[in-house]
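In the numbering used here, the protein residues as written are 2 to 245. We treat Cβ as the ideally placed atom computed from N, Cα and C, and that holds for glycine. For reference, the structure is listed below as structure tokens.
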Amino acid sequence: MATKATSAKKAPAAPAPRVAAAKKAAAASDGRADTAKAPDAADIDAPVRPADRNQPLVQPILNQQRDAVAPLQKFGTVAQRLPIGLSEQVRQESVTMLNQLLADTITLRDMYKKHHWQVVGPTFYQLHLLYDKHYEEQSELVDTIAERIQILGGVAVAMAADVAELTSIPRPPKDREEAPVQVSRLLEAHQIMLKNCHDFAKRADDSGDDGTNDLVVSDVMRTNEMQVWFVSEHVVNTPLAKAE
Ligand SMILES: [Fe+2]
């Protein structure tokens, strides 16, 4: 058999000096001696030794979250890291406002995706596409707001459970709802966001945080107002075929 004969000829390559040295260095650096036992096969957390001991051990250091002593920075605090000409008090106030806007924007973004999936009826196609467009726009806002929080030295809220605790937008049911109900929910959420935007923009202006004021007005407020327009027109009761 030609294949067998060919493979039989292939003897394992002799260990290259460079590879052997790397293996030795890796073992020395983490305190493991060459006499270390092979890990139990059932222990998925144990370092995995290559079958060929001439191979260097290249293994990620896993599960470091278990022994983490303290976070780098607590949520709700601000650190003076970047020289952006704003006092800690101003940055703290802006970070608190922006985290509220962030939690509400994440919630609204996700509500758009829920409705994108669940919409039914004769306006299905239009709303399906419109909801997804607005989802993408809200997604961009999420990133813009979160990065502004980090620039100010704060910690951006991120995970769904934390967002749910913080948001001021009422939680919609898991159920599928009629299109006009979806639209009404979205408009209520936009209104909550926009009221906050007016308040936060004024406070940021008063405190001298022009960057936050600009973000709230130019990005968050303008985007939400535009979306309110597009969504609202779907619940205007107009004749479809014959003028009344
Ligand atoms: Fe989709």
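> How would you write the range of the alpha helix (DSSP H) that ASN55 sits in, first residue to last?
Replying inline: Counting along the chain, ASN55 falls outside any alpha helix (DSSP H), and DSSP gives it neither H nor E.
>> Whole angstroms are fine: how far does the CA of GLN60 sit from the CA of ASP200?
In response: Roughly 51 angstroms between the two C-alpha positions.
> Where does MET227 land, buried or exposed, given buried means 16+ other C-beta within 10 angstroms?
Replying inline: exposed
> Can you name the start and end residues of the alpha helix (DSSP H) that GLN74 belongs to?
Replying inline: Secondary structure note for GLN74: it is in no alpha helix (DSSP H), with a DSSP letter that is neither H nor E.
>> Using 8 angstroms as the cut-off, can you tell me whether the segment 127-137 makes contact with the segment 95-108, which would need three or more C-beta pairs spanning the two stretches below that distance?
In response: Touching, no.
> Given a threshold of 16 other Cβ atoms within 10 Å of its Cβ, counted over all protein chains shown, does THR78 qualify as buried or as exposed?
Replying inline: It counts as exposed.
> Whose CB is closer than 6 angstroms to a heavy atom of ligand 1? List the residues in chain order.
Replying inline: HIS117, ASP133
> Going along the chain, which residues of its own chain have a beta-carbon closer than 6 angstroms to the beta-carbon of SER30, five neighbours each way excluded?
Replying inline: The predicted position of SER30 is uncertain, since its pLDDT is 44 and thus under 50; a value taken from the coordinates is nonetheless stated next. Answer for SER30: no residue qualifies.
>> Distance check for ARG92 and ILE85, CA to CA, integer angstroms please.
In response: 10 angstroms
> Quick one: complete alpha helix (DSSP H) runs, 4+ long, within the segment 147-205?
Replying inline: 161-167
> To which residues of the same chain is PRO171 closer than 6 angstroms at the C-beta, ignoring the five residues directly before and after it?
Replying inline: none
>> Quick check on ASN225: buried or exposed, where buried means 16 or more other Cβ atoms within 10 Å of its Cβ?
In response: Burial of ASN225 is indicated by the presence of at least 16 other C-beta atoms within 10 angstroms of its C-beta.
> Terminal residues of the continuous alpha helix (DSSP H) containing GLU94?
Replying inline: 89-119
> With DSSP run on the structure shown, which of helix, strand or coil describes ASP207?
Replying inline: helix
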